[in-house]
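Enquirer: Position 191 (the sequence shown) corresponds to 190 in numbering that gives the first Met the number 0; numbering is contiguous.
C-beta: ideal position from N, C-alpha, C; glycine also.
Note that this is a predicted model, so its numbers are computed, not measured.
Sharing a structure with you now.
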Amino acid sequence: MSAGAAALHTEGLSKAFGGFKANTDVSLALPAGARHALIGPNGAGKTTLINLLTGVLAPTSGEVFLGGERITGLPQHERVKRGVTRTFQINTLFHGLTVLESVVLAICERDGRAAVWHRTVASLTKEIEEARVLLRSLRLDADANTLTRNLPYGRQRLVEIALALATRPRILLLDEPAAGIPSAESAELFGVLAALPKDVTILFIEHDMELVFRFAERITVLVAGKVLTDGTPSEIAADPRVREVYLGEAQHA
0 MSAGAAALHT
10 EGLSKAFGGF
20 KANTDVSLAL
30 PAGARHALIG
40 PNGAGKTTLI
50 NLLTGVLAPT
60 SGEVFLGGER
70 ITGLPQHERV
80 KRGVTRTFQI
90 NTLFHGLTVL
100 ESVVLAICER
110 DGRAAVWHRT
120 VASLTKEIEE
130 ARVLLRSLRL
140 DADANTLTRN
150 LPYGRQRLVE
160 IALALATRPR
170 ILLLDEPAAG
180 IPSAESAELF
190 GVLAALPKDV
200 TILFIEHDME
210 LVFRFAERIT
220 VLVAGKVLTD
230 GTPSEIAADP
240 RVREVYLGEA
250 QHA
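Right under this line is the structure:
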């Protein structure tokens with residue numbers, strides 16, 4: 000795939016903190032609708048790369064492109080407006096609101112109408128309907144009237160993803176979405192993600208290799224801030240260098 004055909008791509012992206020090179024010459028291309036995993040040992044530079052893609056950090060060198068648009072110098076909020084949205088390892092939710100209220104608020108913020116929040120939620124008919132459709136797509140409709148703080152942790156992670164999707168992202172970046180979730184719930188979460196419309200391109204960081212090989216269509220392996228290899232799940236599983244990286248990490252744990 001040519002970089003020009005990618006929904007998101009980087010060219011020679013690097014980030015140094017003083018003498019420490021967190022990312023070095025990372026070139027990555029995600030086609031539209033991709034379900035792409037980013038894996039690697041602890042300290043490989045995975046979260047730093049996500050921070051470069053979202054504008055949380057500025058690169059030392061290299062470029063980031065959204066479609067054909069260079070977005071390297073754009074601040075985080077401008078990237079969100081263009082459709083680059085992320086979730087974090089630690090979820091941040093509106094714990095005093097119900098699930099439905101939280102998503103309606105996120106929709107209002109997206110449309111620049113957060114100031115109408117002083118009105119009763121019941122009057123926001125259009126926003127409520129959009130929120131309900133979104134909750135149904137994530138199998139959260141039964142939880143619509145539940146306070147987010149009262150949900151099991153796995154369901155809270157789904158609400159966080161609902162808030163991200165409320166921004167209508169073109170690119171959804173997920174930093175360990177299954178962290179802290181029991182295995183049965185994490186499989187459900189990834190099943191929901193895999194079923195999202197293909198107009199949403201997904202890049203996710205995940206340590207659970209079973210989830211990665213089950214749901215990713217393509218995998219990039221980072222080691223010491225550099226791309227070790229990139230390929231399909233079967234290619235990655237058969238690569239002796241990848242096995243050596245993870246075996247080495249297990250031996251030193």
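1. Can you tell which of 84, 123, 136 and 32 has the C-alpha that lies nearest to the C-alpha of residue 51?
2. Measuring CA to CA, which of 25, 129 and 5 is closest to residue 58?
3. Can you give, in chain order, each stretch of the alpha helix (DSSP H) that sits fully within the segment 128–164 and has at least 4 residues?
4. Taking just the CA atoms, how far does residue 100 sit from residue 245?
5. When burial is assigned at 16 or more other CB atoms within 10 Å of the CB, is residue 141 buried or exposed?
6. Would you call the segment 194–206 and the segment 30–38 in contact, with 3 or more CB pairs under 8 Å?
7. Which ranges does the alpha helix (DSSP H) cover as unbroken runs of at least 4 residues, wholly within the segment 152–232, from first to last along the chain?
8. Along the chain, where does the alpha helix (DSSP H) containing residue 78 start, and where does it finish?
9. If you draw a straight line from the C-alpha of residue 192 to the C-alpha of residue 162, how long is it?
10. Since residue 7 is in the alpha helix (DSSP H), which residue starts that stretch and which ends it?
11. Below 7 Å CB to CB, which residues in the same chain sit around residue 165 once its five sequence neighbours on both sides are set aside?
12. Any C-beta of chain C sitting closer than 9 Å to the C-beta of residue 19?
13. Going straight from the alpha carbon of residue 19 to that of residue 221, what length do you get?
14. Kindly list the residues whose CB is nearer than 7 Å to the CB of residue 126, restricted to its own chain and excluding five residues on each side of it in sequence; keep chain order.
15. Tell me the residue span of the beta strand (DSSP E) that contains residue 262.
16. Hey, how far is the Cα of residue 255 from the Cα of residue 112?
17. Run through DSSP, which three-state label would residue 122 get?
18. Spell out the partners DSSP gives residue 62 in its beta bridges.
19. Take every Cβ of the segment 58–67, pair it with every Cβ of the segment 211–228, and state whether three or more of those distances are shorter than 8 Å.
20. On the three-state DSSP scale, how would you describe residue 38?
21. Within the same chain, show all residues whose beta-carbon is closer than 8 Å to that of residue 211, passing over the 5 residues directly before and after it, in chain order.
22. Which whole-angstrom value describes the C-beta separation of residue 168 and residue 82, a residue pair presumed to lie in contact below a C-beta threshold of 8 Å?
23. By the DSSP assignment, the beta strand (DSSP E) with residue 56 in it spans what residues?
24. Go ahead and label residue 239 buried or exposed: buried means 16 or more other beta carbons lie within 10 angstroms of its beta carbon, across all protein chains shown.
25. Just verifying my parser: in three-state terms, what is the DSSP assignment at residue 23?
26. Quick one: residues in its chain with C-beta nearer than 7 Å to the C-beta of residue 9, no 5 flanking neighbours on either side, listed in chain order?
27. For residue 16, is the classification buried or exposed, using 16 other Cβ atoms within 10 angstroms of its Cβ as the cut-off for buried?
Expert: From the atom records:
1. 84
2. 25
3. 152–164
4. 42 Å
5. exposed
6. yes
7. 152–164, 182–193 and 208–214
8. 75–80
9. 14 Å
10. Residue 7 -> not in any alpha helix (DSSP H); beta strand (DSSP E) instead, spanning 5–16.
11. 102, 105, 106, 109 and 133
12. Structure shown: chain C not included; a single protein chain is present.
13. 16 Å
14. 103, 106 and 107
15. Given a span of 0 to 252 for the chain in the structure shown, any question on residue 262 remains unanswerable.
16. As shown, the chain starts at 0 and ends at 252. That puts residue 255 outside it, with no answer to give.
17. helix
18. 10
19. no
20. strand
21. 36, 38, 205, 218 and 232
22. 5 Å
23. Run containing residue 56: none; DSSP gives neither H nor E here.
24. exposed
25. strand
26. 25, 26, 27, 61, 62 and 63
27. exposed
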